[in-house]
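Below you'll find the structure, written out as structure tokens, and then a few comments.
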Amino acid sequence: MQDVRSKMQDFTLNLYDVSGKIIRSFNLASSFLPLASTISWDGTDQFDRAVPAGVYFVYLESYENSVIEKVIKVD
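Residue numbers (my numbering): 16 to 90.
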């Protein structure tokens, strides 16, 4: 995913299924994220239940920028 962290700011990362339902949400404080960082998703929803294999969309948003990427979960 493209890095949108041009300066210190907080981010929200939402993971959506193909119907547009939020599967998981992460609030990312810039003070805890180095400029080169990886965010791992364990394949679960907000309630730690495994989600099925399929297509999902990752939406990374800050005050000034946003990026959306398609990801595929395989079992």
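The C-beta atom is built at its ideal place from N, Cα and C for all residues, glycine as well.
Inset, instruction - To the nearest angstrom, report how far apart leucine 30 and serine 40 are at their CA atoms. - result: Within the sequence shown, numbered from 1, the residue matching residue 30 stands at position 15. Within the sequence shown, numbered from 1, the residue matching residue 40 stands at position 25. The straight-line gap from Cα to Cα measures roughly 6 Å.
Inset, instruction - Within the stretch 61-85, note down every full beta strand (DSSP E) run reaching 3 residues or more, in order along the chain. - result: At a cut-off of 3 residues, the continuous stretches assigned as beta strand (DSSP E) that sit fully inside the stretch 61-85 are 69-76.
Legend entry - Residues bridged to aspartate 32 [DSSP beta-bridge criterion]: Taking the sequence shown and counting its residues from 1, one reaches residue 32 at position 17. DSSP lists Tyr71 as partners of aspartate 32.
Inset, instruction - May I have the straight-line CA-CA distance separating aspartate 60 from glycine 69, to the nearest angstrom? - result: Taking the sequence shown and counting its residues from 1, the one referred to as residue 60 is at position 45. Taking the sequence shown and counting its residues from 1, the one referred to as residue 69 is at position 54. Between aspartate 60 and glycine 69, the alpha-carbon positions lie close to 14 Å from each other.
Inset, instruction - Let me know if phenylalanine 26 comes out buried or exposed under the rule of 16 or more other beta-carbons within 10 Å of its beta-carbon. - result: Along the sequence shown, read from residue 1 onward, the residue named residue 26 stands at position 11. Buried, by the Cβ-count rule.
Legend entry - Distance, leucine 28 Cα to valine 86 Cα: Taking the sequence shown and counting its residues from 1, one reaches residue 86 at position 71. Taking the sequence shown and counting its residues from 1, one reaches residue 28 at position 13. Taking the straight line joining both Cα atoms gives about 13 Å.
Inset, instruction - Could you name the residues of the same chain whose beta carbon sits closer than 7 Å to that of glutamate 76, not counting the 5 residues immediately before and after it, in chain order? - result: The count along the sequence shown starts at 1 and reaches residue 76 at position 61. So the qualifying residues of the chain are Phe26, Thr27.
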